[in-house]
Structures are given as structure tokens and as C-alpha cells.
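For our numbering, count along the sequence shown from 1 and bump the result up by 61.
Even for Gly, the Cβ is constructed at its ideal location relative to N, Cα and C.
So the structure is just underneath, and the comments pick up after that.
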Amino acid sequence: MIKYLNTMVTFAEIPVEVTLSINITNCQNKCPGCHSPELRENIGTELTKDELNNLINKNKGVSCVLFMGEGNDREALIELAKHVKSLGLKPGLYSGAESVPESIWEVFDYIKIGPYIEKLGPLNKETTNQRLYKRTDSGWEDITKMFWK
């Protein structure tokens, strides 16, 4: 079961996409300095396909649905991402893990990997260890530099 705490439409989390960002709870990474430590708790509303449909319908015009975290039920996460694709939207994942399994790469269109390391900074710092990848016709492209000014 995947749970979420809240949502927001964002224009900066995934460049060139209008993104419905969903804050997933029960984060397993426990990164020191995390900007959302409340997401470590097993709290919130269950994110079912019906609930996801409701969220998307309330936010017409989004092109991407971003799961901000993995929770602790990978199979449920993958099924939700497949559902997003079936609706003609692009699924994205922000993971704090160093790497994710092939089953994640197979279904998502955007994947951010890497734990937050305070001294290295977030995605908008050139020193960051985190990377955002975009699926392209020729494979995966690192688009992290799009965050750098």
C-alpha cells in the first residue's frame, strides 16, 4: 500500500512538464537534513488508482505525475505508474536511493536518484550527487544540468 500526505502542481520539479507532485509517505531513506522529515512516517491517505484519478481530475492540464518518494510497496508504486501511463501522462519518481531496480526504469519516464547530502546540495547546485534522468527514444538522458543557472 502506498500512502500520500499532500499534493501540489509544480513547474520546477520536472523541467518542461506541468507536474502533479504527490508527497509519498513511509520513506525508507532517512536522509540527514531532509527537507520533509514528516514523510518518513507511515501516515496519510491510501493512494489507489481511484484516488489517483481524483487527484488528476482536480488538476486538469498536468502532463506528468511525480511520486515524491517510493514508500515501501514497490509493486503498488509500479502499478500506479503504469496507470498514469495508461492515462496518457508521464510518470516520474523522486527516489532518495543510490539506485533503483530495473522494474522502476521500465515504467517511469523521469527518475531522480541519489540521497540528499546537505554539503553537496539539491538538484539546483552543480555540486549535487543527485541526478534526474529522462527517458528518450535513444535511452536515458541525464537532465540534471537543466536545474543549474
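Under 8 Å between C-beta atoms of residue i and residue j
i, j, result
"residue 175", "residue 185", "no"
"residue 83", "residue 128", "yes"
"residue 148", "residue 165", "no"
"residue 157", "residue 177", "yes"
"residue 150", "residue 123", "yes"
Cutoff 7 Å; reference residue i; Cβ partners in own chain excluding five residues on either side
i, result
"residue 134", "62, 63"
"residue 138", "63, 128, 131, 132"
"residue 160", "174"
"residue 143", "168"
"residue 105", "64, 65, 66, 86"
"residue 193", "171, 173, 184, 204, 205"
"residue 78", "124, 125, 151"
"residue 97", "84"
Close beta carbons around residue i, own chain, < 8 Å, minus the five adjacent residues each side
i, result
"residue 91", "101"
"residue 210", "185"
"residue 179", "93, 94"
"residue 68", "81, 82, 83, 84, 116, 120"
The beta strand (DSSP E) enclosing residue i, as first and last residue numbers
i, result
"residue 99", "Unbroken run through residue 99: none, as it is neither H nor E."
"residue 146", "Here residue 146 belongs to no beta strand (DSSP E); instead the alpha helix (DSSP H) covers 135 to 147."
"residue 202", "200 to 203"
"residue 126", "125 to 129"
"residue 70", "64 to 71"
"residue 193", "192 to 197"
"residue 81", "80 to 85"
Cβ-based neighbour list, residue i, same chain, cut-off 6 Å, excluding 5 preceding and 5 following
i, result
"residue 182", "188, 189"
"residue 88", "100, 101, 130"
"residue 145", "126, 152"
"residue 207", "76"
"residue 110", "144"
First and last residue of the uninterrupted alpha helix (DSSP H) at residue i
i, result
"residue 90", "Per DSSP, residue 90 belongs to no alpha helix (DSSP H) and is neither H nor E."
"residue 164", "163 to 168"
"residue 113", "110 to 119"
According to DSSP, residues forming a beta bridge with residue i
i, result
"residue 107", "64"
"residue 154", "128, 172"
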